[in-house]
Structures are given as structure tokens and as C-alpha cells.
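>
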Amino acid sequence: MKFILAAVLAFTAAPALGATLEARSVLNGPCSVPNSNFPNGTCITTTACANGGGTSQRGYCPGTPDNVRCCYKADCSGSRSACLWTTDGSCKGRFLTNLCPGPTNFKCCVV
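In this text, residue positions in the sequence shown follow my numbering: the first is 1, and each later residue adds one.
#1: May I ask which residues mark the beginning and end of the alpha helix (DSSP H) holding T112?
#2: If you follow the beta strand (DSSP E) that V26 is part of, which residue opens it and which one closes it?
#3: Any contact between the region 39 to 57 and the region 66 to 79? By contact I mean 3 or more CB pairs, one from each, below 8 Å.
#4: State the beta-bridge partners of R94 as determined by DSSP.
#5: Closer than 8 Å is the cut-off here; do at least three beta carbon pairs connect the region 69 to 86 with the region 97 to 108?
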């Protein structure tokens with residue numbers, strides 16, 4: 001009986017040991033578009049992004065429905081502003097509310 005249990009555990013764990021897990025995004029979670037001028041974004045629906053004046057990019061919110069894409073917005077309050085996460089410390093100015101699409105902790109940073 002112990003041998004059977006050990007064999008079952010070995011075969012069920014074997015794929016997991018060699019497998020790499022793909023990162024999954026969540027709705028309203030962070031995303032980034034590599035090699036762009038807009039590295040900070042949020043995974044929201046394309047409708048919410050467009051309604052908030054943002055631009056959405058396909059392929060940067062893995063594991064979400066097709067209508068959920070990485071949304072970013074530059075110049076949210078004139079020049080020298082962009083939507084950034086309030087929690088990552090990247091804003092070197094001040095945050096303004098209600099100018100960015102997405103969750104409440106994704107705000108307009110004005111330098």
C-alpha cells in the first residue's frame with residue numbers, strides 16, 4: 001500500500017516539478033508594456049480604458065478575457081503627467097484623483 005501511494009504521488013508531482021507557471025494577471029491589477037514610453041498600466045476592459053481616455057494594448061494581461069487589456073494614459077493633466085500606481089513610489093510629484101481609468105490607486109502623477 002505504501003508503494004502504491006508513493007508511486008501515485010511521484011507521478012502526480014512529476015509534471016509540476018518541471019513545469020513553469022505562467023504569470024497571470026487580474027482585473028484592475030498592474031501591467032506594463034515593455035519597450036514603450038508607458039511602463040505603468042492596469043488590466044481593465046477596453047471599454048473602461050477608452051471611456052477613461054486611455055490606450056489599451058493586447059497581450060500584456062495574460063490569463064484574462066480578451067476584452068481585458070493593459071491600459072495606460074499619458075498626459076492625464078497636461079504635459080509632464082501620467083497615470084501611475086500610488087503604491088510603487090515612482091511618482092516624483094503629486095497625485096491627482098479621477099483622471100485615470102482603472103482602480104482608485106492608479107492616479108494621475110503630475111511633476
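Ideal Cβ positions, reconstructed from N, Cα and C, are used throughout, including at glycine.
Based on what the coordinates show:
#1: A question about residue 112 goes unanswered here, because the residues of the chain that appear run from 1 up to 111.
#2: For the purposes of this step, residue 26 is taken as residue 26 along the sequence shown, with counting starting at 1. Taken as a continuous stretch (DSSP letters only), V26 belongs to no beta strand (DSSP E), as it is neither H nor E.
#3: yes
#4: Position 94 of the sequence shown, counted from the first residue, corresponds to residue 94. For R94, which the question treats as bridged, DSSP gives the partners V110.
#5: yes
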